[in-house]
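Since the structure comes first, as C-alpha cells, the remarks are kept for the end.
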Amino acid sequence: AHKAGTTWLYQQLDSHPDFWMPPVKELHYLDQLSKVQRAAQPRCRDERDLLFLNRLKSLSAEPTIDLENYGRLFETKASLLSGDISPNYSTLSNEVIRQVVGYFPNLKVIFLARDPVERVWSHLSMEVHYRQIK
Numbered sequence: 009a010h011k012a013g014t015t016w017l018y019q020q021l022d023s024h025p026d027f028w029m030p031p032v033k034e035l036h037y038l039d040q041l042s043k044v045q046r047a048a049q050p051r052c053r054d055e056r057d058l059l060f061l062n063r064l065k066s067l068s069a070e071p072t073i074d075l076e077n078y079g080r081l082f083e084t085k086a087s088l089l090s091g092d093i094s095p096n097y098s099t100l101s102n103e104v105i106r107q108v109v110g111y112f113p114n115l116k117v118i119f120l121a122r123d124p125v126e127r128v129w130s131h132l133s134m135e136v137h138y139r140q141i142k
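Numbering (this note's numbering), first residue to last: 9 to 142.
Here it is as C-alpha cells:
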C-alpha cells in the first residue's frame, strides 16, 4: 500500500549483505498498462545497476508483459535475494497475479498496510511539504 513504509523496506533490504535491490525502488513493470510514471530518479552505483536500468527501459517499451525477460532483469544479482517494491502491485488483476505466480512459483510477497486515516494524513502532509497543496 502507498505510504506504508515501502521506502524504509527498500533501504533496509538494499543495505543488507544478502540482498541486491534494483537501482529503482518501484519498477511498476507488472502494472505498466496503467502507465504509472516513475517519480524517483534511479541510483546507479555500478555496471550491474546500469545494465539493469538499460534492460528495464528496453523491456518497458514492449507492448505486453514478458515475464521471462522480467525475470532476466534480476540475473545480475547472482545468488543474492532481490525484489521489486511497487505499491501498485496490490491492485493487479487476478489474471496477472496467476501469470506471475505461475511463472515464479517460489515468489514471496510482502504486503505493507497502514491505518487508512494515518495514510491519508501522511499523504496530505507530503503534498503540503512539496507545495502541491497550500
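The beta carbon of each residue, even a glycine, is placed where N, CA and C say it ideally should be.
As the structure is a computational prediction, the values presented were derived from the model and not from experiment.
Quick check on this structure: which residue in Trp-28, Ile-73 and Pro-95 has the alpha carbon closest to the alpha carbon of Arg-8?
Residue 8 lies beyond the stretch modelled for the chain, which goes from 9 to 142, so this question has no answer here.
Who does Leu-89 pair with in a DSSP beta bridge?
Phe-27
Are the beta-carbon atoms of Tyr-97 and Asp-39 separated by less than 8 Å?
yes
Range covered by the alpha helix (DSSP H) that runs through Glu-76:
75-80
So, helix, strand or coil for Lys-65, using DSSP?
helix
How would you call Ser-42, buried or exposed, if buried means at least 16 neighbouring beta carbons within 10 angstroms?
Because Ser-42 carries a pLDDT of 41, less than 50, the predicted location of this residue cannot be relied on, and the following value inherits that uncertainty. Ser-42 is exposed by the Cβ-count criterion.
From which residue to which residue does the alpha helix (DSSP H) around Ser-130 run?
124-137
Out of Asp-92, Val-108 and Val-125, which has the shortest C-alpha to C-alpha gap to Gln-19?
Asp-92
Measure the CB-CB distance between Leu-100 and Val-109 and report whether it falls below 8 Å.
no
Report yes or no: do three or more beta-carbon pairs, one from the segment 29-36 and one from the segment 58-71, lie closer than 8 Å?
yes
Alpha carbon of Ser-130 to alpha carbon of Asn-102, nearest angstrom:
29 Å
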